[in-house]
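Chemist: Dumping the structure here so I can ask a few things about it.
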Amino acid sequence: MPAVELILLQRVDKLGQIGDVVKVKPGYARNFLLPQKKALRASKDNRARFEQQRAQLEAQNIKRREEAERLAERVGGLSVVIIRQAGESGSLYGSVSARDIAEAATEAGLTINRSQVVLEHPIKTLGLSPVRVSLHPEVLIPVTVNVARSPEEAERQGRGERIGSEAVDDEQVPTEENIFAGDTPQPA
Numbered sequence: 187m188p189a190v191e192l193i194l195l196q197r198v199d200k201l202g203q204i205g206d207v208v209k210v211k212p213g214y215a216r217n218f219l220l221p222q223k224k225a226l227r228a229s230k231d232n233r234a235r236f237e238q239q240r241a242q243l244e245a246q247n248i249k250r251r252e253e254a255e256r257l258a259e260r261v262g263g264l265s266v267v268i269i270r271q272a273g274e275s276g277s278l279y280g281s282v283s284a285r286d287i288a289e290a291a292t293e294a295g296l297t298i299n300r301s302q303v304v305l306e307h308p309i310k311t312l313g314l315s316p317v318r319v320s321l322h323p324e325v326l327i328p329v330t331v332n333v334a335r336s337p338e339e340a341e342r343q344g345r346g347e348r349i350g351s352e353a354v355d356d357e358q359v360p361t362e363e364n365i366f367a368g369d370t371p372q373p374a
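Here the sequence shown is numbered in the numbering used here, starting from 187 and rising by one per residue.
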């Protein structure tokens, strides 16, 4: 299928800026860009209409970006706690998804939806994980996701303590100091 030409109405990550004419696959245009009102088909009429409204669209974009930047300053360094069941090795029974992070952030006072959470892959282990939240296409804030078995464990992780098998592994790993001192730990 031939590519579809579109005019971007807002910045789209890895695609372009406002006003750029881009070629994308038909499914991406039909299922994402057009329904989300992020782009218009690049017909002659739409190009003329876009040029008439360009200043207004750019002004709206700047206003939304400034609001997002103010919000980012207010909630900078946000950390959310998610309680999940996990095995002894620290592997979760299941995973933490963008939906879980969005719900936890909303409870913490930052109202976002799951599509705003930029998660490369689901979180499948206990511990602290950095995640980005997109408040605006040009404004990303870091959020620390603390996945633990209990609120007490989350508090300890937040202070920087190692928990579970990580703490046990640290005690039994031979280091240069104890190897040369002759007191290599013996596995139990």
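The C-beta atom is built at its ideal place from N, Cα and C for all residues, glycine as well. Keep in mind the model is a prediction, meaning the values are calculated, not measured.
What residues in its chain sit with their C-beta under 8 Å from that of Asp286, if we drop five residues either side in the sequence?
Modeler: Cβ within range, chain order: Ile268.
Chemist: Considering only the alpha carbon of each residue, which of Glu324, Glu289 and Leu321 lies closest to Val331?
Modeler: The shortest Cα separation from Val331 among Glu324, Glu289 and Leu321 belongs to Glu289.
Chemist: With DSSP collapsed to three states, give me the class of Pro188.
Modeler: Residue state, collapsed to three classes: coil.
Chemist: Might you give, ordered along the chain, the residues of its own chain that have their beta carbon closer than 7 Å to the beta carbon of Leu243, omitting 5 neighbours on each side?
Modeler: Excluding positions up to five away in sequence, the list reads Leu195 and Ile204.
Chemist: Which runs of the alpha helix (DSSP H) spanning at least 4 residues fall entirely within the region 221-261, listed in chain order?
Modeler: Counting only runs of 4 or more, we get 230-260.
Chemist: Can you name the start and end residues of the beta strand (DSSP E) that Ile204 belongs to?
Modeler: Premise fails: Ile204 is in no beta strand (DSSP E) and is neither H nor E.
Chemist: On the three-state DSSP scale, how would you describe Leu219?
Modeler: In this structure, Leu219 counts as helix in the three-state DSSP scheme.
Chemist: Roughly how many whole angstroms lie between the Cα atoms of Arg318 and Val303?
Modeler: Each residue's alpha carbon lies about 6 Å from the other.
Chemist: To the nearest angstrom, how far is the alpha carbon of Leu305 from that of Leu201?
Modeler: Answer to the nearest angstrom: the Cα atoms are 19 Å apart.
Chemist: What is the DSSP secondary structure of Ala294, reduced to helix, strand or coil?
Modeler: Correct three-state label for Ala294: coil.
Chemist: With 16 as the cutoff for other CB atoms within 10 Å, does Gln343 come out buried or exposed?
Modeler: Buried: at least 16 other Cβ atoms inside 10 Å.
Chemist: Going straight from the alpha carbon of Thr311 to that of Arg240, what length do you get?
Modeler: Distance between the alpha carbons of Thr311 and Arg240 is about 46 Å.
Chemist: Pro130 lies in the beta strand (DSSP E); which residues open and close that run?
Modeler: Since the displayed the chain opens at 187 and closes at 374, residue 130 lies outside it and no answer follows.
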